[in-house]
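Input: a single structure, listed below in structure tokens.
2 protein chains.
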Amino acid sequence: MTSKVFFDVAGSLDGFVAPEGMDLTHADDPEFKQWLSQWTKLQSWVFKQKFFRENLKLGEGGETGYDNHLLEETFRRTGVSIMGKRMFDGGERFWPEEAPFHTPVFVLTHQVRKPWVRPGGTTFYFVNDGIESAIARAREAAGSRDIRIAGGANVIQQYLNAGYIEEFTIHYSPVFFGEGVPLFSGMNRNIEVRVKEAVPSKEVTHISYEVTFHRTDSP
Amino acid sequence: MTSKVFFDVAGSLDGFVAPEGMDLTHADDPEFKQWLSQWTKLQSWVFKQKFFRENLKLGEGGETGYDNHLLEETFRRTGVSIMGKRMFDGGERFWPEEAPFHTPVFVLTHQVRKPWVRPGGTTFYFVNDGIESAIARAREAAGSRDIRIAGGANVIQQYLNAGYIEEFTIHYSPVFFGEGVPLFSGMNRNIEVRVKEAVPSKEVTHISYEVTFHRTDSP
Chain A
-15 MTSKVFFDVA
-5 GSLDGFVAPE
5 GMDLTHADDP
15 EFKQWLSQWT
25 KLQSWVFKQK
35 FFRENLKLGE
45 GGETGYDNHL
55 LEETFRRTGV
65 SIMGKRMFDG
75 GERFWPEEAP
85 FHTPVFVLTH
95 QVRKPWVRPG
105 GTTFYFVNDG
115 IESAIARARE
125 AAGSRDIRIA
135 GGANVIQQYL
145 NAGYIEEFTI
155 HYSPVFFGEG
165 VPLFSGMNRN
175 IEVRVKEAVP
185 SKEVTHISYE
195 VTFHRTDSP
Chain B
-15 MTSKVFFDVA
-5 GSLDGFVAPE
5 GMDLTHADDP
15 EFKQWLSQWT
25 KLQSWVFKQK
35 FFRENLKLGE
45 GGETGYDNHL
55 LEETFRRTGV
65 SIMGKRMFDG
75 GERFWPEEAP
85 FHTPVFVLTH
95 QVRKPWVRPG
105 GTTFYFVNDG
115 IESAIARARE
125 AAGSRDIRIA
135 GGANVIQQYL
145 NAGYIEEFTI
155 HYSPVFFGEG
165 VPLFSGMNRN
175 IEVRVKEAVP
185 SKEVTHISYE
195 VTFHRTDSP
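Protein sequence lines, in the order shown, are assigned to chains A and B. Each residue of the first sequence is one higher than the one before, counting from -15 in this note's numbering. Each residue of the second sequence is one higher than the one before, counting from -15 in this note's numbering.
Right, dumping it as structure tokens:
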């Protein structure tokens, strides 16, 4: 049993994973560029799912169809997450005390900091020596489960371009952001992928890809 | 019977409809940025289809499955195409004498030029007074069939942002370009769309959208 390395994100039709204006500086100003309503459009399907609602303790009920199944499966397969510092900073502010990972999480950062243990099984480890070191530590911690590159986009690009990503899923929301944080930017065009599955659900289209070839020499 | 306005394009995973280096200047230099092999990756599924091969007189045979059906349906519904000058310039050079439209085609350009009649029913009309004028003329010419905004990306963006597009289809090829001509750039985020259908085929994923709302005041 070897851990697979994957990512799983929601993207706008024009390829953004976050709208313009969504950053810590404007965390208290959701009217700024309407970042909160834009982000909500991207994520609205997630907030309706029973599994997500339970995991974030948002309340009872929720949908139990394919979208819910997908979120639950992604959670269950994940033995470790890796994320960038900006994503962590946002989450440190907005996640509930019981952070929604319930696994080790490795945070790529220059900041030296002791592991941060949260109730419910999430422990954040701060990695100061790069993406390869984080993967090596993640492999040890993941057991037979998979390693999720949680984000943000820049961290996903680094792992994809360096040839670590084996599978990924994009949930395409039918919305345009115009500007924001692009999921894919400056991609290594030697990466070849294959569609594993494309499933349209009520609001979004889920497409899963498998990376089939990655030439390590740059284009 | 009212004509619908739509577009239908192939896009890379990172959102490009043409690779870097694919322009008239480098038409004779396919090694430049490997533009031809990149473009072929985007379009390879099309060249295998029976309908496309017959329409471009590329030879006998070809696939006859869903991909072929889709190409044929798109052709049949199209009563008129509208395109930009750069797309026309490329096509003028590379289309066969019997251009593959077999309908009136309106070319947005500053150039004043008499209609260019091709064998097989394609006539190119050169429109010098903007996208609205082209649509008005296209509606007259289309009869009960639909109006295809053929491209390039900039022309598609203009029609989408101005609220003319009612439906569109993107054929996502699982390939990264890194750089090139983005399909969506600077989109009006008031445009709301809904997924009509998402169909994974052997090589690409076809997603059709319906535009459900477009507020004409800018964001």
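Here a beta-carbon is modelled for each residue, glycine too, at the ideal position from N, C-alpha and C. Computed from a predicted model, the values in this text were never measured in an experiment.
Measure the alpha-carbon distance for residue i versus residue j and round it to whole angstroms.
{"i": "residue 7/A", "j": "residue 74/A", "result": "8 Å"}
{"i": "residue 82/A", "j": "residue 24/A", "result": "22 Å"}
{"i": "residue 33/B", "j": "residue 185/B", "result": "13 Å"}
{"i": "residue 47/A", "j": "residue 57/A", "result": "15 Å"}
{"i": "residue 17/B", "j": "residue 5/B", "result": "6 Å"}
{"i": "residue 152/A", "j": "residue 110/B", "result": "45 Å"}
{"i": "residue 123/A", "j": "residue 113/A", "result": "16 Å"}
{"i": "residue 141/B", "j": "residue 52/A", "result": "34 Å"}
{"i": "residue 193/B", "j": "residue 181/B", "result": "7 Å"}
{"i": "residue 201/A", "j": "residue 14/A", "result": "Unreliable placement is indicated for residue 201/A, whose pLDDT of 48 sits below 50; the coordinate value is still reported in the next sentence. Whole-angstrom Cα-Cα distance: 43 Å."}
{"i": "residue 143/A", "j": "residue 98/B", "result": "54 Å"}
{"i": "residue 9/B", "j": "residue 9/A", "result": "45 Å"}
Taking C-beta to C-beta, are residue i and residue j nearer than 9 Å?
{"i": "residue 93/B", "j": "residue 62/B", "result": "no"}
{"i": "residue 89/A", "j": "residue 134/A", "result": "yes"}
{"i": "residue 137/B", "j": "residue 165/B", "result": "yes"}
{"i": "residue 168/B", "j": "residue 168/A", "result": "no"}
{"i": "residue 11/B", "j": "residue 77/B", "result": "yes"}
{"i": "residue 163/B", "j": "residue 170/A", "result": "yes"}
Whole-angstrom Cβ separation of residue i and residue j, contact assumed at under 8 Å?
{"i": "residue 243/B", "j": "residue -5/B", "result": "With chain B running from -15 to 203 in the structure shown, residue 243/B is simply not present."}
{"i": "residue 80/A", "j": "residue 40/A", "result": "6 Å"}
{"i": "residue 158/A", "j": "residue -7/B", "result": "Residue 158/A to residue -7/B, Cβ: 16 Å. No contact."}
{"i": "residue 150/B", "j": "residue 195/B", "result": "6 Å"}
{"i": "residue 191/B", "j": "residue 154/B", "result": "5 Å"}
{"i": "residue 22/A", "j": "residue 3/A", "result": "4 Å"}
Counting only the same chain and skipping the five closest in sequence on each side, list residues whose C-beta sits under 7 Å from that of residue i.
{"i": "residue 126/B", "result": "-13, 63 and 64"}
{"i": "residue 148/A", "result": "-11 and 119"}
{"i": "residue 203/A", "result": "Confidence at residue 203/A is low in this model, with a pLDDT of 41, below 50, so its placement is unreliable and the value that follows should be read with caution. Around residue 203/A: 172, 173 and 174."}
{"i": "residue 49/B", "result": "none"}
{"i": "residue -9/A", "result": "132, 133, 140, 149 and 152"}
If you drop the 5 nearest sequence neighbours on each side, which residues of the same chain put their C-beta closer than 6 Å to that of residue i?
{"i": "residue 36/A", "result": "30 and 55"}
{"i": "residue 101/A", "result": "107"}
{"i": "residue 197/A", "result": "176"}
{"i": "residue 104/B", "result": "82 and 86"}
{"i": "residue 1/A", "result": "-7, -5, 137, 165 and 167"}
{"i": "residue 145/B", "result": "172"}
What residues in its chain sit with their C-beta under 8 Å from that of residue i, if we drop five residues either side in the sequence?
{"i": "residue 139/B", "result": "66, 67, 68, 71, 92, 115 and 133"}
{"i": "residue 121/A", "result": "90, 109 and 111"}
{"i": "residue -3/A", "result": "156, 157, 158, 159 and 160"}
{"i": "residue 43/B", "result": "37"}
{"i": "residue 117/B", "result": "111"}
{"i": "residue 84/A", "result": "39, 40 and 106"}
Please list the partners that residue i has in chain D, where partner means a Cβ-to-Cβ separation under 9 Å.
{"i": "residue 193/B", "result": "Among the chains of the structure shown, chain D does not appear; the protein chains present are A and B."}
Report task. Can you give me, in chain order, the residues of the region 32 to 60 of chain A that have a beta carbon less than 8 Å from any beta carbon in chain B? Result -> none
Query - Where the region -15 to 1 of chain A meets chain B: residues whose CB sits under 7 Å from a CB there - result: -3, -2 and -1
Query - Against chain B: residues of the region 167 to 187 of chain A by CB proximity under 9 Å - result: For the region 167 to 187 of chain A, the set of residues with a beta-carbon nearer than 9 Å to any beta-carbon of chain B comprises 167, 168, 169, 170, 171, 172, 173, 174, 175, 176, 177, 178, 179, 180, 181, 182, 183, 184, 185, 186 and 187, in chain order.
Query raised in the report: Residues in the region 84 to 105 of chain A with C-beta within 7 Å of chain B's C-beta atoms, listed in sequence order?
Result: So the list is empty, because no residue satisfies the distance condition.
**Report entry** Interfacial residues, the region 130 to 160 of chain A to chain B, with Cβ spacing under 8 Å
**Finding:** For the region 130 to 160 of chain A, the residues whose beta carbon sits under 8 Å from a beta carbon of chain B are, in order, 156, 158, 159 and 160.
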